Amino acid sequence: MASTAQTLVEEPILLTGVSSGIATLTLNRPRQYNALSEEMLITLQDALENVAGDETVRVVVIAATGKAFCAGHDLKEMRSSEDRAFHQALFDRCGTMMQAIQNLPQPVIAKVNGIATAAGCQLVAQCDLAVAADTARFAVSGINVGLFCSTPAVPLSRNMHRKQAMQMLLTGDFIDAGTAKQFGLVNEVVPPDELDSAVASLAQKIAGKSPLAVSMGKKMFYRQAAMDLSAAYEFAGERMTCNMDSEDAREGIDAFIEKRRPVWKGR
């Protein structure tokens with residue numbers, strides 16, 4: 007007699023999809039509050055690398071299932087080994103993934119549906135833009151378990167005033183979504199039932215721009231931020247000249263003069 011038992015198929019930890027030029031990468035460990043396990047970091051890194059080479063993708067959204075956006079590193083996994091090399095490799099892998107977000111040609115939007123703590127808050131800060139539900143909360147809470155959130159401090163200190171970042175890092179206290187917007191951690195705060203439409207509207211607006219100008223502009227923005235004023239202007243002027251010489255810039259200006267919609271050529 008044949009067995010009627012069915013093999014349970016485990017859901018992927020990262021859901022991916024592309025629609026109308028917008029790629030959505032959805033963290034899918036809701037029971038673990040979408041913690042960044044080693045497997046999640048590897049999977050997310052691979053997904054970002056795939057998206058980077060896809061010229062049909064204009065914008066990337068990082069979202070999450072369940073009640074939390076991301077609770078940071080998987081503490082149980084971290085405590086499963088006393089090996090220093092294991093911990094160093096884990097933090098290095100996380101840093102590489104975070105930098106991949108900044109190095110991506112496309113803008114990345116964090117869609118924050120719930121709590122974002124420690125490396126989860128780092129993920130929000132590392133994204134180019136962030137839209138949060140007004141019920142979302144943010145913390146870099148490693149200090150509460152004796153672990154200063156050093157790696158989350160990197161993008162946090164580049165998004166917020168230093169004293170605000172230091173207060174979060176030293177106290178581990180949560181801030182609400184409104185305070186996160188005031189501090190510069192997120193761009194927009196909306197009711198939970200408007201989060202999907204708010205992110206979609208922002209993503210579609212960016213997706214309608216010249217992909218060449220967006221890609222060049224994102225790269226320029228982060229490079230000039232590390233320069234002194236004179237070097238930044240010199241670099242920005244050179245980049246703007248290259249942009250002006252592009253087919254997209256000529257098309258965009260002609261379309262403006264002729265009062266028609268531009269037809270972009272791609273990256």
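When we follow the numbering used here, the leftmost residue of the sequence shown carries the number 7, and every step to the right adds one.
Heads up, the beta-carbon is just placed ideally off N, CA and C, and yes, glycines get one too.
Quick caveat, the model's predicted, so the values are computed rather than measured.
Cβ contact check for the region 115 to 133 and the region 63 to 76: 3 or more pairs under 8 Å
By the Cβ rule, the region 115 to 133 counts as touching the region 63 to 76, because three or more pairs are nearer than 8 Å.
List the whole-angstrom C-beta distance separating A242 from N249, where the pair is believed to meet the contact cut-off of C-beta under 8 Å.
Rounded, the Cβ-Cβ distance is 10 Å, inconsistent with contact.
Looking at the structure shown, is F144 part of a helix, part of a strand, or coil, going by DSSP?
In the three-state DSSP reduction, F144 falls in the strand class (E or B).
Return the residue from the list E200, F180, T141 and R168 that minimises the CA-CA distance to I149.
Measuring from the Cα of I149, the nearest candidate turns out to be F180.
Could you give the distance in angstroms between the alpha-carbon of A29 and the alpha-carbon of S216?
Whole-angstrom Cα-Cα distance: 17 Å.
Limits of the beta strand (DSSP E) - the one that K71 falls within:
According to the sequence displayed, residue 71 carries Thr and not Lys. That residue, T71, is in no beta strand (DSSP E); it is neither H nor E in DSSP.
Any contact of the region 137 to 146 with the region 88 to 105, i.e. 3+ C-beta pairs under 8 Å?
Contact between the region 137 to 146 and the region 88 to 105 is absent: fewer than three C-beta pairs spanning the two stretches fall below 8 Å.
Whose C-beta lies closer than 7 Å to the C-beta of L50 among residues of the same chain, with five residues either side of it excluded?
Same-chain partners within the cutoff: L20, L31 and M103.
Roughly how many angstroms lie between the CA atoms of M154 and E16, to the nearest whole one?
In the sequence under discussion, the amino acid at residue 154 is Phe, which differs from the Met named in the question. Spanning the two alpha carbons is a distance of roughly 34 Å.
Could you tell me which uninterrupted alpha helix (DSSP H) segments, each at least 4 residues in length, are contained entirely in the region 135 to 205, listed from first to last along the chain?
Every alpha helix (DSSP H) stretch that sits fully inside the region 135 to 205 and reaches 4 residues is listed by chain position as 156 to 165, 168 to 177 and 183 to 189.
Can you check DSSP and say which residues form a bridge with V24?
Beta-bridge pairing links V24 to A29.
Just mark P198 as buried or exposed, buried being the case when its beta carbon has 16 or more other beta carbons within 10 Å.
Classification for P198: exposed.
If contacts are defined as beta-carbon pairs under 8 Å, then K187 and V196 qualify, I think. What distance do you get, rounded to the angstrom?
Not really, about 10 Å apart at Cβ, beyond 8 Å.
From D134, E61, P161 and A58, residue whose alpha carbon lies closest to that of C100
It is P161.
Please report the straight-line C-alpha distance between V118 and F262, rounded to a whole angstrom.
Cα to Cα, V118 sits roughly 36 Å from F262.
Are Q112 and V65 close, meaning C-beta to C-beta below 8 Å?
In this structure, Q112 sits near V65, with a CB-CB distance shorter than 8 Å.
Which runs of the beta strand (DSSP E) fall wholly inside the region 72 to 127 and span at least 3 residues, in chain order?
The region 72 to 127 contains these whole beta strand (DSSP E) runs: 74 to 76, 114 to 118 and 121 to 123.
Between A237, M246 and K271, which has its C-alpha nearest E253's C-alpha?
Ranking A237, M246 and K271 by Cα distance to E253 puts K271 first.
Residue burial classification, P56 (beta-carbon count within 10 angstroms, cutoff 16)
Rather than Pro, the amino acid found at residue 56 in this sequence is Asn. By the 16-neighbour rule on beta-carbons within 10 angstroms, N56 is exposed.
For E264, does the count of other Cβ atoms within 10 angstroms reach 16, so buried, or fall short, so exposed?
Here E264 is exposed, its C-beta having fewer than 16 other C-beta atoms within 10 Å.
Between the Cα of P158 and the Cα atoms of T123, Q170, D234 and K169, which residue gives the shortest distance?
Ranking T123, Q170, D234 and K169 by Cα distance to P158 puts T123 first.
Span separating the alpha-carbon of A69 from that of L33:
Using only the alpha carbons, I get a separation of about 6 Å.
Are A142 and A183 touching if we call contact CB-CB under 8 Å?
For the pair A142 and A183, the CB atoms are nearer than the 8 Å cut-off.
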